[in-house]
Amino acid sequence: MEPTAPQEACFEAGVKFGSLYHQFAGTPISPDSADSLTAAMEEAIENQPFCEAVTVSVRMEALESAIAEGGADYTELTGRFIDVEMRIEYEGVTVETSMAMEDGYPLMQVDAVQE
Numbered sequence: 007m008e009p010t011a012p013q014e015a016c017f018e019a020g021v022k023f024g025s026l027y028h029q030f031a032g033t034p035i036s037p038d039s040a041d042s043l044t045a046a047m048e049e050a051i052e053n054q055p056f057c058e059a060v061t062v063s064v065r066m067e068a069l070e071s072a073i074a075e076g077g078a079d080y081t082e083l084t085g086r087f088i089d090v091e092m093r094i095e096y097e098g099v100t101v102e103t104s105m106a107m108e109d110g111y112p113l114m115q116v117d118a119v120q121e
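Here the sequence shown stands for residues 7 to 121, numbered as in this note's numbering.
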């Protein structure tokens, strides 16, 4: 059985999230570099096929707290510092996705599928 267009669109969303998260996890981040890093993340993922929009938001309070606890002027990027929204369009199907912290884990999920 061949996958349906909505299934393939959801698969594409998963590919984009995997790329975004694993490409940038561990990148040094500070309050001063947060805007340029989120712009780079958005632009990099938007280059991928079927990706129409990506929004990455830094959770500044969590970032500043981690830096204060660590004793350096930066920390490494993990999912606890970002929220992500992504829109994938594949063969007439639009998939809205998001990533946010839930119970201490960066949960990536499909929020809506529209044909």
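Every residue gets a Cβ at the ideal spot worked out from N, C-alpha and C, and that includes glycine.
Values in this document were obtained by computation on a predicted structure and should not be read as measured data.
Whole-number beta carbon distance between residue j and residue i, since they are thought to touch under 8 Å
i	j	result
residue 62	residue 44	4 Å
residue 142	residue 68	Shown here, the chain extends from 7 to 121; a query on residue 142 therefore has no answer.
residue 116	residue 99	The Cβ separation is near 11 Å, so there is no contact.
Per-residue burial, residue i [other beta carbons within 10 Å of its own, 16 or more giving buried]
i	result
residue 66	exposed
residue 108	exposed
residue 40	buried
residue 103	buried
residue 15	buried
residue 111	exposed
Proximity to residue i [Cα-Cα], best of the options
i	options	result
residue 37	57, 64 and 117	64
residue 30	16, 85 and 75	85
residue 92	121, 18 and 32	18
residue 50	114, 24 and 7	24
Residue i beta carbon near the ligand FMN (any heavy atom closer than 7 Å)
i	result
residue 66	Judged by which ligands are present, the structure shown has none, so any question about the ligand FMN falls away.
Residue range of the beta strand (DSSP E) that includes residue i
i	result
residue 93	88 to 96
**Q.** Whole beta strand (DSSP E) elements within the region 19 to 80, 3-residue minimum
**A.** 57 to 64
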